[in-house]
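Asker: In this note's numbering, the protein residues as written are 52 to 317. Think of the CB as a built atom: it goes at the ideal place given N, C-alpha and C, for glycine as much as any other residue. Remember, it's a predicted structure, so these values are computed and weren't measured experimentally.
Right, dumping it as structure tokens:
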């Protein structure tokens with residue numbers, strides 16, 4: 052038993068077994084843990100909710116692909132459509148102190164826009180062939196790692212994670228432990244081509260809300276685990292792929308996903 056409050060269960064006075072039974076990870080609210088949402092745990096799942104998240108990710112990338120091909124694309128839309136800041140309320144990822152990480156900013160946004168635009172040109176002109184190399188079709192450039200892939204994925208499934216956490220809060224927390232909060236960029240409106248806020252009832256800690264994640268969407272980085280008092284049930288979480296391998300796998304999969312005909316062409 053911890054002598055100080057460390058985990059979500061400590062601060063919210065919830066039995067850790069309740070969190071485990073809900074399939075959530077009992078996060079530390081002291082600092083980020085070296086855990087990452089792995090998109091392939093969504094892509095490969097047969098769970099209907101996870102498949103809905105998977106389809107949402109692909110739908111958004113297809114939207115970006117189409118918009119990247121438009122000559123009138125304004126630079127002012129890039130922060131709104133292509134930026135994927137860290138969702139710090141999950142308390143996941145690499146951070147020395149607290150829960151402030153880097154997220155995906157201007158460099159990633161511009162590279163993703165350019166790469167999707169180039170991919171669209173190849174699709175339109177039917178230049179994707181068996182001999183086309185991944186360096187031309189890459190969606191994620193070198194330098195992107197598991198932390199950034201996790202940030203990207205978390206942004207695109209944020210609405211689902213907030214609903215998941217809201218359901219837990221309504222079942223197991225006291226009303227004074229939660230707040231109605233307006234969450235930025237919770238869902239994308241394809242009619243107005245804009246991100247919308249959405250209100251959720253979420254756990255409230257130190258002037259911010261908290262988001263829980265299903266444990267079966269997480270992978271871990273063993274080389275960052277040096278504080279056993281911050282970690283509970285780490286053994287149930289799969290080890291993450293090395294950065295280069297994960298990014299190569301993402302590029303290969305998403306290249307096909309944003310162009311349904313690519314697999315047939317290959």
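(1) Does DSSP put residue 293 in a helix, a strand or coil?
(2) Cα-Cα, which of 265, 200, 138, 238 is closest to residue 210?
(3) Are there 16 or more other CB atoms within 10 angstroms of the CB of residue 243, so buried, or fewer, so exposed?
(4) Shortest alpha-carbon distance to residue 291 belongs to which of 305, 267, 167?
(5) Within 8 Å, do at least three Cβ pairs link the segment 255-263 to the segment 291-307?
(6) Classify residue 243 as helix, strand or coil using the three-state DSSP reduction.
(7) Residue 69 by DSSP, collapsed to three states: which one?
(8) Does the Cβ-Cβ distance between residue 265 and residue 64 come in under 8 Å?
(9) Below 8 Å on the Cβ atoms is my contact criterion, and I expect residue 111 with residue 207 to pass it. Report the Cβ-Cβ distance as a whole number of Å.
(10) Ignore the nearest five residues each way along the sequence and tell me which others in residue 90's own chain have a CB closer than 6 Å to its CB.
(11) Look up residue 114 in the DSSP assignment and say whether it is helix, strand or coil.
(12) For residue 253 and residue 213, which I take to be in contact (beta-carbon distance under 8 Å), what is that distance rounded to the nearest angstrom?
(13) Evaluate residue 236 with the Cβ neighbour count: other Cβ atoms within 10 Å of its Cβ, from every protein chain shown; 16 or more gives buried, anything less gives exposed.
(14) Mapping DSSP to helix, strand and coil, what is residue 82?
(15) Less than 8 Å between the C-beta atoms of residue 297 and residue 200, yes or no?
Answerer: On the basis of the data shown:
(1) coil
(2) 238
(3) exposed
(4) 267
(5) no
(6) coil
(7) helix
(8) no
(9) 6 Å
(10) 204
(11) helix
(12) 7 Å
(13) buried
(14) strand
(15) yes
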